[in-house]
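Using the working numbering, you'd call the opening residue of the sequence shown number 5 and step up by one each time. For every residue, glycine included, the Cβ atom is placed at its ideal position computed from N, Cα and C. As the structure is a prediction and not an experimental result, all values here were calculated from the model. Structure record follows, encoded as structure tokens.
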Amino acid sequence: MQIKQITVYGIRLPLKQPFKIAYDTYEDIESILVRIESTSGEVGWGEAVVDQHVSGETWQAARQIITRELAPLLIGRPIDSIGAFHSMAEARIRHNPSAKAALDIALHDLLARHCKVPLYSLLGGRYHARLELPCVISMLAPEEMARQAREACDRGYTSVKIKLGDAPELDVERIARVREAMAPGVALRVDANQGWSAKQALQIIRQAAPYQVEWFEQPVSIENLDALARITQATEAVIMADEPIHGVRDMLEVVRRQAADMVNIKLMKSGGLHAARAMAEIGLAADIPCQIGSMVESSVATLAGAHLAMAHCNIVANDMVGPAMIARDVADMPGNETHIELSDAPGLGIWIDEDRVRALSIFEDRID
């Protein structure tokens with residue numbers, strides 16, 4: 005069975021409210037959905053959500069890379085050509101991980117649907133029973149962040165992640181107010197999204213010690229792995245690397261430099277499930293637990309990450325909150341706002357509303 009046709013949809017996903025992090029504010033999410041159809045009529049779906057601050061990709065550039073460079077490599081290939089695709093893609097064009105991730109996810113979904121098994125079965129089988137989701141709070145005034153954290157606890161969340169980094173002088177107050185508002189036993193996590201200098205990070209981490217932060221994610225610039233290593237080695241706090249870690253080589257560099265205690269793996273940075281699974285294995289060997297993160301993706305890429313997280317013992321947390329933030333998604337997520345439960349339905353385990361995809365589309369390309 006071979007790949008017959010690939011369709012690329014450019015869609016904008018409206019957010020329920022603006023999402024502010026250290027380096028940008030988002031009103032909506034620009035996504036590219038990829039639909040791969042086999043000669044027997046089976047279909048797999050994938051997604052690319054770009055972040056030019058992290059991977060250097062833009063929405064339209066990813067469109068061109070997929071339609072002109074990568075998708076044509078797959079036409080006429082067997083549907084199980086996942087490893088071959090990555091070899092061909094790397095030989096064809098460097099970097100562009102989100103574009104590669106869209107096709108990687110679609111290939112995995114297509115193969116699992118063909119085999120009539122849930123995707124997690126192809127990734128090692130079910131390890132976790134279900135995935136608890138955090139509540140992610142964007143950067144706001146301390147009292148507003150505290151109010152939202154209190155509401156999250158009332159709604160049953162077991163962890164709250166707060167975005168910091170736009171005003172370091174306010175960040176300790178934000179941490180303190182949020183912790184005071186939270187119910188006992190609910191985990192507090194901090195993500196600075198590169199917003200601090202190394203000295204600011206160490207000062208804030210010291211001042212935040214009474215507030216029991218579970219971990220601090222990416223305190224310093226994407227370009228400065230040395231600074232991340234210095235912070236990790238200078239504090240008792242748990243430090244998570246995110247933006248600098250784009251694939252297997254970066255994962256190995258974290259291990260070599262002892263640059264982080266944890267790593268946030270994102271399919272959009274690693275080029276999809278193929279490399280992300282290898283990164284989790286490296287982390288397991290080096291005693292570095294991993295999280296599966298998100299670029300605020302629709303249910304398509306979110307569930308791809310969920311299947312990997314469900315299957316891997318070294319993926320101990322997730323940040324797959326995109327569907328909870330999106331006002332109009334292309335499919336219904338399993339579970340509810342506080343957790344994901346995966347069934348034994350084949351592939352990603354969801355039905356994509358193609359009419360809704362077309363209604364949200366800004367462009368559509370077909371490769372055959």
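Check	Outcome
Contact check, L114 vs M92, beta carbons under 8 Å	no
According to DSSP, residues forming a beta bridge with T11	R39 and R370
Option nearest F367 by Cα separation, candidates W49, L37 and Q6	L37
Neighbourhood of Y30 by C-beta distance below 6 Å, restricted to the same chain and skipping five residues each side	F23
Spatial distance of V334 from K20 (CA atoms)	15 Å
Closest Cα partner of L307 within the set I356, D265 and I292	I356
Whole-Å CB distance - A264 paired with I243, under 8 Å assumed	5 Å
Per-residue DSSP class, three states only, for H250	coil
Cβ shell of R154 (< 6 Å), same chain only, five flanking positions each side left out	A185
Range of the contiguous beta strand (DSSP E) that encloses I319	I319 to N322
Three-state class that DSSP yields for A191 in the structure shown	strand
Cβ-based neighbour list, E73, same chain, cut-off 6 Å, excluding 5 preceding and 5 following	R96 and I97
8 Å contact criterion, which N322 and G309 should meet: CB distance rounded	7 Å
Residues near Q211 in its chain [Cβ-Cβ closer than 8 Å; skip 5 each side]	V176
Three-way DSSP call (helix, strand, coil) for E61 in this model	coil
The ligand COA heavy atom lying under 7 Å from the CB of L137	Of the ligands one can find in the structure shown there are none, so the ligand COA has no counterpart to examine.
Beta-ladder partner(s) of G326, from DSSP	The partner list for G326 (beta bridge, DSSP) is empty, contrary to what the question assumes.
Three-way DSSP call (helix, strand, coil) for G87 in this model	helix
Option in G287, D246 and L256 with minimal Cα separation from E221	D246
Terminal residues of the beta strand (DSSP E) in which S163 lies	S163 to K167
Supposed contact pair E301 and E51 - C-beta distance, whole angstroms, cut 8 Å	6 Å
Alpha-carbon to alpha-carbon, A150 and H278	39 Å
Close beta carbons around V121, own chain, < 7 Å, minus the five adjacent residues each side	P350
Pick from M299, Y131, G80 and D170 that is closest to N318, judged by C-alpha positions	Y131
Cβ-Cβ separation, S35 to V12 (assumed contact under 8 Å), whole Å	V12 to S35, Cβ: 11 Å. No contact.
Integer Cβ distance of M272 from S44, believed to fall under 8 Å	In fact, because the Cβ distance is near 30 Å, the residues do not count as touching under 8 Å.
Separation of I179 from E218, as counted between CA atoms	12 Å
Whole-angstrom distance between G169 and R181, CA atom to CA atom	16 Å
Beta strand (DSSP E) segments (min. 3 residues) lying fully within the stretch 237 to 298	243 to 245, 266 to 269 and 294 to 296
C-beta contact flag for E41 and Q9 at 8 Å	yes
Whether V190 touches S163 by CB criterion (8 Å)	yes
C-alpha distance - G297 paired with M324, whole-angstrom precision	6 Å
CB-CB length for A105 against I371, believed under 8 Å	That belief does not hold up - the Cβ atoms of A105 and I371 are roughly 17 Å apart, past 8 Å.
Reduced DSSP category for P22 - H, G, I as helix; E, B as strand; rest coil	strand
Sequence-distant residues of the same chain with beta carbon closer than 6 Å to G128, five excluded per side	A315
Chain C within 8 Å of K20, Cβ atoms only	No chain C is present in this structure, which holds just one protein chain.
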